[in-house]
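Residue numbers (the UniProt record's numbering): 1 to 207.
The C-beta atom is built at its ideal place from N, Cα and C for all residues, glycine as well.
What follows is one structure encoded as structure tokens, with my remarks underneath.
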Ligand code: SF4
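Have a look at this one:
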């Protein structure tokens, strides 16, 4: 059979996946800038608010914020200083370590964080177009990519099941819920794998 121009320019699947992820990343960035602008924030300030929303009421240290977002400490410090001036965050002594400063959201900050969380609603609508099966496969693929990027040091380790001491994979191989979470002491399936779980205990930490 004669080669078509489609065959000649056929791009390997891995490359097409990379291009697809890049396009999604560009849309997310431009949407974040647009929405941030409307709320008088920068995307980094917006990300800090949503991050802190997840960690209330304990809050986070500045170095932790910088680590999780993959930004430098001075950048995180500048963004937090602006948020503090706007009355959106408070700084107080950490309840876990009296020498450390913990950053938490003020009541106004919580409200603003909830608005910021709506920035990615358009993406959730697009994800809703996938079937449950497609979502499950996509989640597994994403987790593998994230883990691999973490291993290479491109992104910081997040609070995922795959790096959690409580995670016992494939404990029940013939079940629809093959994995076991030691924290809640219950089985769960691939579609319930977490990427940012507040109860995660990193593999290297002491139990
Ligand atoms: S505690 Fe959270 S991260 Fe750890 S296994 Fe259970 S659900 Fe996953």
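- Query: Sorted by chain position, which residues of the same chain lie with C-beta nearer than 6 Å to residue 35's C-beta, five sequence neighbours on each side aside?
  - Reply: 119, listed in sequence order.
- Message: Within the continuous alpha helix (DSSP H) that includes residue 215, where are the two ends?
- Response: Outside the shown range of the chain, which is 1 to 207, sits residue 215, and nothing can be said about it.
- Item | Same chain, Cβ closer than 6 Å to residue 10, neighbours up to 5 away in sequence not counted | none
- Item | DSSP bridge partner residues for residue 92 (one or two, in chain order) | 102
- Straight-line gap, residue 138 to residue 68 (C-alpha atoms, nearest Å): 23 Å
- Task: Under 8 Å by Cβ, that's how I've got residue 193 and residue 143 pegged, so tell me the actual separation to the nearest angstrom.
- Result: 6 Å
- Query: Considering only C-alpha positions, which residue in the set 156, 129, 164, 121 is nearest to residue 28?
  - Reply: Checking every option, the nearest Cα to that of residue 28 belongs to 121.
- First and last residue of the alpha helix (DSSP H) that includes residue 43? 43-54
- Item | ligand 1 heavy atom lying under 7 Å from the CB of residue 150 | Residue 150 has its Cβ no nearer than 7 Å to any heavy atom of ligand 1.
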